[in-house]
Amino acid sequence: MARNQVQFQKGLGMAQFMALYGTEELCHEALVKMRWPDGFVCPKCAKRRYSFCAPKKLFQCSSCHRQTSVRAGTVFQKSRTPLTKWFLAMHLLTGSKNDISGLELARQIDVKWDTAWLIKQKLMEVMLQRNAIYKLSGDIQIDDAYQGSEKAGKRGRGAANKLPFVAAVATRDGRPIYMQLRCLPGFTKDAIKTYARANIAPGSRVLSDGLNCFKGIVAAGVAHVIKITGGGRPKDPDFKWINTGLGNVQSAIKSTLRSCDARHTPRYLAAFEWRYNRRFELAKNLERLARVAMMIEPQPRSTLAAIRLKSADLTG
Ligand SMILES: [Zn+2]
């Protein structure tokens, strides 16, 4: 039997992680290289000469005297948590195909639960914003699902804390390549049309079980093939990868996260999507996440706690 490529890949081991990012200096140096690959550039006047205050880790521009840190203007801004803990959190969140709970993260990086929660939400927000730039293309299987405080299941209804989302998997030569897990305001034709326009490339071919809202796929100018499968989650082999993907997401949320607050569900789904789409190159994932975190603006707690969808929309 062929070895599972994901399970048997080498990844970034803890010894290697410690060698690369085991001290504050190593982490700082890594971020400096990501932010200024060709050397420091003043964010105010764009000049390159500077002096460096090592104890405070501040760069001071020799022309305009503006002081800046490598964290300023990024997701790491204003955090008092050492970079070594941020890097370990990124490693734990991206180094395997599984999620890590907030409590476990707090234990592993030795911070209070609340700090671990905030770090995790910020990193998942980075993943969410990164996911949004990619479109699925080619042959795609799509299905509808709910996630929330009640038992997750296909087309479950009635709980105000349940959030509707679509799951879509792009396949190539019969194998799954990329997945999308995107929350919607509801399963309406308009919501699917908006989703498809933003997230599915023209020329793709989407297979669904014919739920009425999926007519929105055609309205978005994408080919739609319906395969009627009867009630419940379809067992048809044509839906194999979407069923496997959804099953994995829902069992992972159940086992690791117990339940997730509907306000934060888009971010938890984004983290699953991010990891799934990078599952073949685990060793590179920490650096990939750190690079994007350096490009995304600060995410204060108030922004992260905001309800992304109106509560009235949550029942679909
Ligand atoms: Zn300057």
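Counting in this note's numbering, the sequence shown runs from -4 upward without gaps. Ideal Cβ placement from N, Cα and C applies to all residues, glycine included.
> Nearest to A101 by CA position, among R44, Q124, I114 and T63, is which residue?
Replying inline: Working through the sequence shown from its first residue, we reach residue 101 at position 106. Among R44, Q124, I114 and T63, the Cα nearest to that of A101 is on I114.
> How is the beta strand (DSSP E) around S317 delimited, first residue to last?
Replying inline: Residue 317 lies beyond the residue range present for the chain, which begins at -4 and ends at 311; the question has no answer from this structure.
> Using a threshold of 7 angstroms, is the CB atom of C37 nearer than that to any non-hydrogen atom of ligand 1?
Replying inline: Residue numbering aside, residue 37 sits at position 42 when the sequence shown is read from its first letter. Yes, ligand 1 has a heavy atom inside 7 angstroms of this Cβ.
> Measuring CB to CB, does A193 end up less than 8 angstroms from G6?
Replying inline: As a working note, residue 193 is residue 198 in the sequence shown. As a working note, residue 6 is residue 11 in the sequence shown. No, these two residues do not count as a Cβ contact at 8 angstroms.
> What distance in whole Å lies between the Cβ atoms of W108 and G97, which are believed to be in contact at a cut-off of 8 angstroms?
Replying inline: Translated into the one-based positions of the sequence shown, residue 97 becomes position 102. Translated into the one-based positions of the sequence shown, residue 108 becomes position 113. Between W108 and G97 the Cβ distance is about 6 angstroms, and since that is below 8 angstroms, they are a contact.
>> If you measure between the beta carbons of V106 and T69, is that distance less than 8 angstroms?
In response: Your numbering for residue 106 matches position 111 in the sequence shown. Your numbering for residue 69 matches position 74 in the sequence shown. No.
> According to DSSP, which residues form a beta bridge with R167?
Replying inline: Within the sequence shown, numbered from 1, the residue matching residue 167 stands at position 172. The partner list for R167 (beta bridge, DSSP) reads R170.
> Closest by CA to C40, which one among C56, P50, P32 and A25?
Replying inline: Taking the first residue of the sequence shown as position 1, residue 40 is located at position 45. The candidate whose alpha carbon is nearest that of C40 is C56.
> Between G148 and the rest of its own chain, which residues show a CB-CB distance below 6 angstroms, the 5 nearest in sequence each way excluded?
Replying inline: Residue 148 sits at position 153 when you count from the first residue of the sequence shown. The pLDDT assigned to G148 is 46, lower than 50, so where the model puts this residue is not dependable; a value taken from the coordinates is nonetheless given after this. Nothing meets the Cβ criterion.
> Regarding C59 and ligand 1, is the C-beta to nearest heavy atom distance less than 7 angstroms?
Replying inline: Locating residue 59 in the sequence shown gives position 64, where the first residue counts as 1. For ligand 1, at least one heavy atom lies less than 7 angstroms from the Cβ of C59.
>> On the criterion of 16 or more Cβ atoms from any shown chain inside 10 Å, does Y271 qualify as buried, or is it exposed?
In response: As a position in the sequence shown, residue 271 is number 276, starting the count at 1. When all chains shown are included, Y271 counts as buried.
> Would you say C22 touches ligand 1, meaning its beta carbon is less than 7 angstroms from a heavy atom?
Replying inline: Reading the sequence shown from its first residue, position 27 is the one you call residue 22. Flag unset: Cβ of C22 not near ligand 1.
> How would you label C48, buried or exposed, when you count the other beta carbons within 10 angstroms and need 16 or more for buried?
Replying inline: Residue numbering aside, residue 48 sits at position 53 when the sequence shown is read from its first letter. It is exposed - the Cβ of C48 has fewer than 16 other Cβ atoms within 10 Å.
>> Tell me the residue span of the alpha helix (DSSP H) that contains C22.
In response: Taking the sequence shown and counting its residues from 1, the one referred to as residue 22 is at position 27. Its alpha helix (DSSP H) spans residues E19 to R30.
>> Nearest by alpha-carbon distance to F160: which of R44, R296, S91 and C178 is it?
In response: Looking up residue 160 in the sequence shown gives position 165. Ranking R44, R296, S91 and C178 by Cα distance to F160 puts C178 first.
> Is DSSP giving T189 helix, strand or coil here?
Replying inline: Residue numbering aside, residue 189 sits at position 194 when the sequence shown is read from its first letter. If DSSP states are grouped into helix, strand and coil, T189 belongs with the helices.
> So what's Q103 in DSSP terms, helix, strand or just coil?
Replying inline: By 1-based counting over the sequence shown, the position of residue 103 is 108. Three-state result, Q103: helix.
>> Using 8 angstroms as the threshold, is the C-beta distance between A191 and I237 below it?
In response: As a position in the sequence shown, residue 191 is number 196, starting the count at 1. As a position in the sequence shown, residue 237 is number 242, starting the count at 1. Contact: no.
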